[in-house]
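The sequence shown runs 6 to 327 under my numbering.
In this text, a Cβ means the ideal position worked out from N, Cα and C, and glycines have one as well.
Only a predicted model underlies this, so the values are computations on that prediction, with no experimental measurement involved.
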Amino acid sequence: MNESHRIDVSRGSLEGTNSAYVLPKRGVVVDPGPPGDDAWDRLVSGIEETGLELRDVSSVLVTHWHVDHAGLAPRLCETSDATLYLHESDAAFVADYAAARRERVDRDARKLAAWGVPNETVESVVAGDRPSPMPDEYPVESLVDGDTVVGVETIHTPGHTLGHAAFVAHGDERNDATLFVGDAVLPTYTPNVGGSDTRVADALETYQGTLSNLRERAAASRQTETAHPGHGAELSLGPRIDEILTHHEIRTERVYDCVEKRGPLTPWQVATHLFGEMCGIHVKMGAGEAAAHLSALAAAGRVERVGDESGDDEPVVYATDP
Ligand SMILES: [Zn+2]
Ligand SMILES: [Zn+2]
């Protein structure tokens, strides 16, 4: 029941090759991949190689709204007459793609301004944010934590996006489970938090909570110690989570040192000190990452925040006590 196959769909994003997964006995596909004919051809031949006919795909589960994961979902569902599922907080990005995208671009621009990104840079990010070849609207079934689709359970894993979900396929045997983690845990790249979905408040703390939740679940069931990520091949969950948490602890200290030495600073100023020159999508990722660490430091009482992230007034700035 739990046999799963990975398909190397394509080089869809910053994070490297996208992985789609097929559970042929359940008729389930997880994260079909980015839009486009190349990825589609790989997906279709990958599904058929497992012995599953395209028309027997019944459920398409998508871990989060990013187009390199959700892009092919409407096409696959249309072709196989399958149902498309996303966590309720990410569902609108496919169900109502055109409207949700417009809202997102506006929200991203406001956030970038609040993080201190200069106007011309915000404008260039907005201009470079092109629509993907997705239907304006497509029917989506919303999931919440604990929901099950043909024996595959949803775990809400917010952080990278607000409605990010991991999926656990429970087998017939006790402790037999296969875990798909999307971009919540990746083998080589540290998933971006802060810039990858500007709706997530307290992005770093939210993401750290997700990692603890996944680690506890892995500890409770030895079979989910191996996880299947949205990019690349399987990984060992506990050790990889430790590495990612350590990476963030080190980065938090670097952000703190930067504010201590040079503050008061906006998130954008911190990002340019840490990451150097940025353009395109990296502006959002870099500024968002710095903002997430600064806001965690402020919540811990280690730095002070002046202003807010509404984008209506002056950019938010952070300083250590004089
Ligand atoms: Zn993603
Ligand atoms: Zn991704």
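With distances taken between CB atoms, is the gap from Val264 to Ala324 smaller than 9 Å? yes
Do you know whose CA, among Lys30, Lys289, Thr271 and Thr22, lies nearest Met6's CA? Lys30
Is the beta carbon of Gly133 sitting closer than 9 Å to the one on Gly285? yes
Straight-line Cα distance separating Thr229 from Ala238: 15 Å
Using only CA atoms, which one of Gly32, Pro269 and Val122 lies nearest to Thr88? Gly32
Measure from the alpha carbon of Arg112 to the alpha carbon of each residue in Val67, Gly200 and Ser137, then state which is nearest. It is Gly200 whose Cα lies nearest to the Cα of Arg112.
Helix, strand or coil, according to DSSP, for Ala3 in the structure here? The chain is shown from 6 up to 327; residue 3 falls before or after that span and cannot be answered.
Can you give me the Cβ contacts of Gly121 inside the same chain, cut-off strictly under 7 Å, excluding the 5 residues immediately before and after it? So the list reads Thr271, Pro272, Trp273, Gln274 and Pro320, once near-sequence residues are dropped.
Please classify Tyr143: does DSSP put it in a helix, a strand, or coil? Three-state DSSP puts Tyr143 in coil, outside helix and strand.
Given Arg47, which residues of its chain have a CB within under 8 Å of its CB, disregarding the five upstream and five downstream residues? Same-chain partners within the cutoff: Ile12, Asp13, Val14, Ser15 and Gly38.
Just mark Ile246 as buried or exposed, buried being the case when its beta carbon has 16 or more other beta carbons within 10 Å. buried
Which of the three DSSP states, helix, strand or coil, is assigned to Asn197? coil
Give a yes or no on contact between the segment 72 to 82 and the segment 170 to 178, applying the rule of three or more CB pairs nearer than 8 Å. The segment 72 to 82, when compared against the segment 170 to 178, does not touch it at the 8 Å Cβ threshold.
For Gly164 versus Thr215, is the C-beta spacing smaller than 9 Å? yes
Going residue by residue through the segment 74 to 144, where are the continuous alpha helix (DSSP H) segments of at least 4 residues, counting only ones entirely within it? 78 to 85, 97 to 100, 102 to 119 and 124 to 133
My guess is that Val67 and Leu91 are in contact by the Cβ rule of under 8 Å, so how many angstroms apart are they, rounded? That pair is a contact at about 5 Å.
Kindly indicate the opening and closing residues of the beta strand (DSSP E) around Leu184. Ala182 to Gly187
Are Val157 and Ser63 touching if we call contact CB-CB under 9 Å? no
Is Pro196 near ligand 1, with its Cβ less than 8 Å from a heavy atom? Pro196 Cβ: within cutoff of ligand 1.
Length of the line joining the Cα atoms of Ala182 and Pro123: Between Ala182 and Pro123, the alpha-carbon positions lie close to 48 Å from each other.
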